[in-house]
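Written out below as structure tokens is the structure these notes cover.
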Amino acid sequence: APAASGAEGRGGMASLRRGRRTFLPPLRRSFAGRGCQLAPDRGAKCRDAAPSRISRFCPPTTSCCDWIGPPDKYSNLRPVHFYIPENESPLEQKLRELRQDTQEWNQQFWANQNLTFSKEKEEFIHSTLKAKGLELRTESGQRATLNAEEMAAFYERFLSKNFQKHMCYNREWYKRNFAITFFMGKVALERIWNKLRPKQKKTCN
Amino acid sequence: MAASPHALSSRLLTGWAGGCVWYFERRTIQESPHKFMHLFRNANKRWITFQHFNFLKRMYVTQLNRSLNQQVKPKPEPLASPFLEKTSSGRAKPEIREMRPLSSPSVSLSRKPHERELMELESASIIEGSANVGKETKDDKQWKEMKLCVDDLPGILARLSKIKLTALVVSTTSAGFALAPGPFDWPCFLLTSVGTGLASCAANSINQFFEVPFDSNMNRTKNRPLVRGQISPLLAVSFATCCAVPGVALLTWGVNPLTGALGVFNIFLYTCCYTPLKRISIANTWVGAVVGAIPPVMGWTAATGSLDAGAFLLGGILYSWQFPHFNALSWGLREDYSRGGYCMMSVTHPALCRRVALRHCLALVALSAAAPVLDVTTWTFPVISLPINLYISYLGFRFYVDADRSSSRKLFFCSLWHLPLLLLLMLTCKRGCGTDGAAAS
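Protein chains in written order, with full-length UniProt numbering: chain Y, 1 to 205; chain U, 1 to 441.
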């Protein structure tokens, strides 16, 4: 937990990469290791473009768009598989890398957040039930639970505990969101400019 | 019973607005039957509760099944942006909770009722999210191309701008316009409505643009266009700009600068104050209440060109109404707020939450009594609105004392029909109409 909050608090890509190594390995193990089943050239491109978390997915070779997947089980965020065109300009590359990095960063934060929430909620329920002298399971074998009012104390505590973490996250998220949108605008303008001035566009085979 | 042009226009307006909402409601029903059938088939959801709502003409019929899971159709609510906005972005609908097994840390969004939860009065799940479950589960498992399909664009933009909520914001603006003294000017009225509608679309789009990762984690909001990647953030911002600029221009030059200024201020307040503040401090609720209060004030200033006492009264009524509405709803969403990092009174200051809700229910009684004093309505209005004001205050009191899910839901559902009815009564008791046996203007 200290490493995670430190990583998120410092912001910035470099520190996040350091933080990522602490937290992504368990997630990487879940998702990595599945190679692409498609044509080798596309497969190579898949491996280059996609973060390991979504390496199991490869879009069809004929597609030249990004692809978006179902919500992640831990973070509830939808992963995006980015398409890399052959004639990707430096600006487009910068945008893609920013989006990829933001995706990883968001994934890490929310997966961690949701898992921590679940874990602490279970611990709270356990300790409260123990304090009340109740069993963890009812007679029918179902897990015992607390009602909303009893859980309220936990919700309040969890929110206060994570307040600073959310503040850092919010700031970073707003910065990244604006940056991504700004670069999208620049890329769009660049493409329009290239279309209007075809002679100067670099042609590719 | 003089049928002055203004009285006639007010009646037409009432009919129009009612028809408008009726239309939206019917569309929702027509779009959703297959979803409802799916829900009927689903063994876990045995009862469906429908709430039908007509903004000005009819009351919702609520059937609450106390022992089983319930779901509610999304209703067009005549409340200002922040609270439905809070509904949509800041809070998931109260859901049927699942007991997660210890071994699995999954925070799956599909939940099964637990027997203990069933025994308690269960919170309703607003259908917009859960009704989509049947359709979305299939979509959810697939990877999709992030290509903008032009055919889908109107639907996507409608969802991005929260068109139903916008329609209701426009309705409250219309109510403000109609309640203002002076002759009813149809062109001005239309310009105000369109301008306000565009401003609301812009504000809602920017809100969704800011809240993508948070919306992903809340059940009701997880199917929004930006969350699902149906539209890029750049396009969302461009759309917002393309709505805000003409909207504000219409209001400033087509109506009057005061209304335009209020429009700009409201967009700013909503996107730059309320939205970030939701994650910083509980003060967001009060800011949001102001955002909701401004549209009827805009309607009034569009008609009269000035901020009279009547404008503030209308704004005050909408402002006070927000609290029982939102605080009651937020009571059942504490888990999602806590997990998502939203600072809401229901999580951090529960006693304050209930106290404020009750206080503002009582304020509605006082404000209704102030209406004839300020020459907005006749004295008939406080008398005939007293029953509904007392009823909502009673439910507010029950919520304050009981502090449980059942009382919070009752208060919430009451607020849904209370406001349109109150505004309707105001319109019929408007000073100067010369109708309903009221005092002569």
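Where a beta carbon is used, it is the ideal one built from N, C-alpha and C, also for glycine.
>> For a test of the three-state rule: what should DSSP assign to Lys-164 (chain U), helix, strand or coil?
In response: helix
(request) Can you give me the start and stop residues for the alpha helix (DSSP H) that Gly-260 (chain U) sits inside? (result) 257–268
For Arg-171 (chain Y), count the other beta carbons within 10 Å of its own beta carbon; 16 or more makes it buried, fewer makes it exposed. Which is it? exposed
Glu-92 (chain Y) lies in the alpha helix (DSSP H); which residues open and close that run? 90–132
Practice item. Excluding the 5 residues preceding and the 5 following Gly-33 (chain Y) in the sequence, name in chain order all residues of the same chain whose CB lies nearer than 7 Å to its CB. Key: Residue confidence is low: Gly-33 (chain Y) scores 38 on pLDDT, short of 50, so the model does not pin down where it sits. Its coordinate-derived value is still stated next. Result list for Gly-33 (chain Y): empty, nothing under 7 Å.
message: Strictly under 7 Å for the Cβ-Cβ distance: is Arg-159 (chain U) near chain Y by that measure?
response: no
Give the single residue among U:Leu-168, U:Ala-175, U:Val-356 whose Cα lies nearest to the Cα of Ser-393 (chain U). U:Val-356
For Leu-329 (chain U), which residues of its own chain have a beta-carbon under 6 Å away from its beta-carbon, when the five flanking residues on both sides are left out?
Phe-412
task: Could you spell out the range, first to last residue, of the alpha helix (DSSP H) harbouring Ile-317 (chain U)?
output: 309–331
TODO: Would you list the one or two residues that DSSP bridges to residue 250 (chain Y)?
DONE: No statement about residue 250 (chain Y) is possible, as the shown extent of chain Y runs from 1 to 205 and does not include it.
Helix, strand or coil: how does DSSP classify Asp-375 (chain U) here?
-> coil
**OP:** Determine the direct distance from the alpha carbon of Leu-422 (chain U) to that of Met-151 (chain Y), and round the result to whole angstroms.
**Re:** 36 Å
Legend entry - Arg-354 (chain U): contacting residues in chain Y (beta-carbon distance under 9 Å): Neighbours of Arg-354 (chain U) on chain Y: none; closest Cβ ~12 Å, over 9 Å.
Answer with buried or exposed for Lys-130 (chain Y), where buried requires no fewer than 16 other C-beta atoms within 10 angstroms of its C-beta. exposed
Going by DSSP in three states, Glu-211 (chain U) sits in which element: helix, strand or coil?
coil
May I have the straight-line CA-CA distance separating Gly-247 (chain U) from Lys-119 (chain Y), to the nearest angstrom?
48 Å
Per the DSSP calculation, Lys-430 (chain U) is bridged to which residue(s)?
U:Thr-377
For Glu-190 (chain Y), does the three-state DSSP call read helix, strand or coil? helix
| message | Are the CB atoms of Thr-192 (chain U) and Ala-302 (chain U) within a distance shorter than 7 Å? | response | yes
CA-to-CA distance, Val-291 (chain U) to Pro-276 (chain U), given in whole angstroms: 14 Å
Rounded separation between Ile-192 (chain Y) and Gly-288 (chain U) - CA only
40 Å
**Study point:** Where Arg-143 (chain Y) sits in the DSSP three-state scheme
**Key:** strand
Exercise for review: Could you tell me if Trp-173 (chain Y) is buried or exposed, where buried requires 16 or more neighbouring beta carbons within 10 angstroms of its beta carbon?
Suggested key: buried
For Phe-265 (chain U) and Val-187 (chain Y), what's the separation of their Cα atoms in angstroms? 32 Å
query: How big is the Cα-Cα spacing for Val-297 (chain U) and Leu-364 (chain U)?
result: 17 Å
Residue of U:Ala-293, U:Ser-281, U:Pro-257 minimising C-alpha distance to Met-345 (chain U): U:Ser-281
With a threshold of 7 Å between beta carbons, is Thr-348 (chain U) in contact with chain Y? yes
Contact belief for Pro-213 (chain U) with Leu-77 (chain Y) at Cβ below 8 Å, rounded distance in angstroms = 6 Å
field: Within chain U, partners of Glu-92 (chain Y) - CB distance below 9 Å
entry: Here the premise fails: no neighbours, minimum Cβ distance about 13 Å.
Minimum C-alpha distance to Lys-278 (chain U) - residue among U:Phe-177, U:Lys-141, U:Ser-338, U:Cys-414: U:Ser-338
For Ser-393 (chain U), return the contacting residues in chain Y, with the cut-off set at a CB-CB distance below 8 Å. The contacting residues do not exist; Ser-393 (chain U) stays about 23 Å from chain Y at best.
Query - C-beta contact flag for Glu-156 (chain Y) and Val-347 (chain U) at 7 Å - result: yes
Item to check | Distance, Val-227 (chain U) Cα to Pro-60 (chain Y) Cα | outcome: 23 Å
### Message
Can you check whether the C-beta of Ile-68 (chain Y) is within less than 7 Å of a C-beta belonging to chain U?
### Response
yes
Practice item. Spatial neighbours of Tyr-274 (chain U) within its chain, please: CB distance less than 7 Å, with the 5 preceding and 5 following residues excluded, ordered by chain position. Key: Pro-82, Asn-284, Val-287, Gly-288, Val-291
Compare the beta carbon distance of Pro-295 (chain U) and Val-383 (chain U) with 7 Å and say whether it is the shorter of the two. no
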